[in-house]
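In the UniProt record's numbering, the protein residues as written are 1 to 174. Think of the CB as a built atom: it goes at the ideal place given N, C-alpha and C, for glycine as much as any other residue. Worksheet: one structure, shown below.
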């Protein structure tokens with residue numbers, strides 16, 4: 001490393017009168033010694049990179065106008081594609097909200113569950129799950145006409161039935 005610093009000093013100092021002199025001491029080839037000879041990774045002296053950003057190894061560099069134009073063009077193009085994506089997603093979100101508003105109108109709700117034209121509420125039962133030797137299992141039967149069979153099970157962990165105010169079963173299912 002010391003030899004490299006000496007070579008650098010000679011290169012910086014340079015001059016017409018020193019053109020004939022060799023850059024390294026000894027006049028011949030400079031031999032590589034130390035960590036570089038063993039293939040170690042390149043390490044820098046902290047004093048050499050005083051302009052590094054927060055000791056990350058990144059330093060400010062000058063960029064040519066061509067690189068800046070390319071970067072700005074890429075940013076502009078990516079902004080255009082982001083706007084197109086936002087437009088597409090917002091249109092689909094608007095359409096989704098419209099369908100949910102239409103299908104979950106108050107006249108189509110049963111016990112807080114949206115039932116659209118393809119959905120029906122087959123069974124509605126409130127069950128208080130108990131623990132201990134008395135039980136803990138519950139079975140209910142229902143039929144479905146969909147192929148393949150699909151169902152939605154809702155579990156409300158804080159039930160009003162537990163407090164003793166059992167809501168009566170819906171008239172359509174009783």
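- In the DSSP assignment, residue 148 falls outside any alpha helix (DSSP H), carrying neither H nor E.
- When secondary structure is reduced to three states using DSSP, residue 127 falls in the coil class, being assigned neither helix nor strand.
- For residue 91, the enclosing alpha helix (DSSP H) stretches over residues 65 to 103.
- For the pair residue 144 and residue 151, the CB atoms are nearer than the 8 Å cut-off.
- Under the three-state reduction of DSSP output, residue 2 falls in the helix class.
- DSSP places residue 61 outside both helix and strand once states are collapsed to three, so it counts as coil.
- Straight through space, the alpha carbons of residue 54 and residue 76 are spaced by roughly 29 Å.
- Assignment of beta-bridge partners to residue 139 by DSSP yields no partner.
- One alpha carbon belongs to residue 86, the other to residue 79, and they sit about 10 Å apart.
- Distance from the CA atom of residue 104 to the CA atom of residue 92, rounded to whole angstroms, is 18 Å.
- It is roughly 45 Å from the alpha-carbon of residue 66 to the alpha-carbon of residue 96.
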